[in-house]
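Colleague: Here the protein sequences come in this chain order: Y and F. For what it's worth, our numbering labels the leading residue of the first sequence as 121, then goes sequentially. For what it's worth, our numbering labels the leading residue of the second sequence as 4, then goes sequentially.
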Amino acid sequence: MTGETSKAQDIFQDTVREAAFLAAKGEPPADRHWFFREARWRCLDVVAHGVQPERGINEACEISPQAPEQIQQLEPEQLAIWISAAPEPQRSILALYYLDEFNYREIMSMLGLKLHDLSRAIESGRREFQAWLNATVPVAAEK
Amino acid sequence: MKYLSRRLRTLAECAPIANVKAPDRRMRTALSRAKRTDDFAAQQSFDRALAKLVQATPVSREIQEWFANEKMAEGAKRSWKKTAFHPAILAIGIALAVIAVVAGIQFGEQMNAFPGTATAKKLLNVAATTRPSDLEAVEAEAGTLSDLFFMKYRLEHYDVPRGFSRQQTIGVRKFDDDDAGQVAQIGLAEKRMQLFLFPAPRDSKTGKPEEFEGWRYIQQEGWTGAVQVHNGILFMAAVRGTKKDLAPYLAKQ
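1. For L56 of chain F, which residues in chain Y fall below 7 angstroms Cβ to Cβ?
2. Taking the alpha carbon of P207 of chain Y as the reference point, which residue from Y:A168, Y:R137 and Y:E195 has its own alpha carbon closest?
3. Can you list, in chain order, the stretches of the beta strand (DSSP E) that have 3 or more residues and sit fully within the region 203-241 of chain F?
4. Please determine, among F:L11, F:T40, F:T13 and F:Q47, the residue with the shortest C-alpha to C-alpha distance to V23 of chain F.
5. Quick check: is the beta carbon of F132 of chain Y nearer than 7 angstroms to any beta carbon in chain F?
6. Output the distance between the C-alpha atoms of A145 of chain F and L99 of chain F, rounded to the nearest integer angstrom.
7. Can you name the start and end residues of the beta strand (DSSP E) that F141 of chain Y belongs to?
8. What ranges does the alpha helix (DSSP H) occupy inside the region 54-115 of chain F, keeping only unbroken runs of at least 4 residues that lie completely in it?
9. Starting from the beta carbon of W83 of chain F, find every residue of chain Y whose beta carbon is closer than 7 angstroms, and list them in chain order.
10. Does the region 84-96 of chain F touch the region 187-203 of chain F, meaning 3 or more C-beta pairs lie closer than 8 angstroms?
11. Would you be able to state if there are at least three C-beta pairs under 8 angstroms between the region 53-61 of chain F and the region 190-208 of chain Y?
12. Spatial neighbours of K263 of chain Y within its chain, please: CB distance less than 7 angstroms, with the 5 preceding and 5 following residues excluded, ordered by chain position.
13. What is the rounded straight-line gap between the Cα of L233 of chain Y and the Cα of I227 of chain Y?
14. Any beta carbon of chain F sitting closer than 7 angstroms to that of V136 of chain Y?
15. Here's the rule: buried if 16 or more other CB atoms are within 10 angstroms of the residue's CB, otherwise exposed. What is A203 of chain F?
16. On the CB-based measure, 16 or more other CB atoms within 10 Å of its CB, does Q67 of chain F come out buried or exposed?
17. Is the beta carbon of P209 of chain Y less than 7 angstroms from the beta carbon of L231 of chain Y?
18. Does M114 of chain F pass the burial test, meaning 16 or more other C-beta atoms within 10 Å, or should it be called exposed?
19. Got a sec: is the Cβ-Cβ distance from D220 of chain Y to anything in chain F below 7 angstroms?
20. Taking buried to mean at least 16 other C-beta atoms within 10 Å of its own C-beta, is L93 of chain F buried or exposed?
21. Report the rounded CA-to-CA distance for R160 of chain Y versus S229 of chain Y, giving the unit in angstroms.
22. Between which residues of its own chain and D248 of chain F is the CB-CB distance below 8 angstroms, once the five residues before and five after are set aside?
23. Can you find a CB in chain F that lies within less than 7 angstroms of the CB of I203 of chain Y?
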């Protein structure tokens, strides 16, 4: 979400601290979704005060059968940076979806989105990531 | 996936990455259809590779230390007391209780309903508004008034039951009511009780008076009436008070 480990770490610690504070007041978070919701707002706040990615039209292309091999050659940080540069709410959607912790209903509930918006953001995210992948790991793509 | 309907395609785009059970039937349908297409397999491979990369994201030692005390961040389970006193639950509970009470009262009223209930209630209102001066002064035993009603007003079977027949009257009157027909009203000295005699409603098919067994009670605005039917005539004893005030007289039957 932030594209930076240190910022993410601070946000994580602030979120857990907030949960502990609420628990001490006798109002602990009702469910685990609270942590992700809270962390997301903190991420958005931090990102809004930081350097903004350039806005442009991202190229998109069909998912390649070689995509899994291309992805294998990536570092997790590269994916994190790519997702953090995506516009909202696509950034939050991709972050939560590829965390592979929540089903589509939970993501819709956490982000306050409709199914159509969620589906479109994931679908365009795949195609844009594939285009970026082709540019970043061209050797595998050419196979 | 191009051959799927728009709705199913929308769902298939959000398909679970891991091989877990779909959260609902709509998603299960979308998955079973999408699995027949090649590009869905490519999508799943793509998503799994990305999810695997996300799982490989290194976690710093500081964060790992936080997770050593993972229970701290566990969602709190609400106690049943806290759940019960939640405003929404409380409001629903109160609403259900009110509905249950109203339904109970209506059910009770239906159980105690008898032919002529509406007329009897109307006459309870008459009892509440009648002053002794409205009645023609007659001092006698209530049981002797049957002859008076027959001789003077041609009212047959307007008999006062045995439990009330020895009561001293202070006055009587006869009046016509749109619903009840010819009503005989007797004022008693004791407890300012009032007795009413009026025709029982008739069955619309057979034309016979509708009858019922024993005493039935009605209550309205502090007044209680005990009603009985005999020979097609309804008798009602009305008193300002409760059933207990009438019980001794009814026991004499």
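Note that the Cβ used here is the ideal one computed from N, Cα and C, for glycine as well.
Modeller: Taking the definition as stated:
1. I191, L194, P196 and L199
2. Y:A168
3. 219-223 and 226-233
4. F:Q47
5. yes
6. 48 angstroms
7. Per DSSP, F141 of chain Y belongs to no beta strand (DSSP E); it is in the alpha helix (DSSP H), T125 to A144.
8. 64-71, 83-87 and 90-115
9. Chain Y residues near W83 of chain F: none, gap ~15 angstroms exceeds 7 angstroms.
10. no
11. yes
12. Residue confidence for K263 of chain Y is low, a pLDDT of 45 falling below 50, so the modelled location carries little weight; the figure read from the coordinates is stated next. Result list for K263 of chain Y: Q186, in chain order.
13. 8 angstroms
14. yes
15. buried
16. exposed
17. yes
18. exposed
19. yes
20. exposed
21. 13 angstroms
22. K194, T227 and V242
23. no
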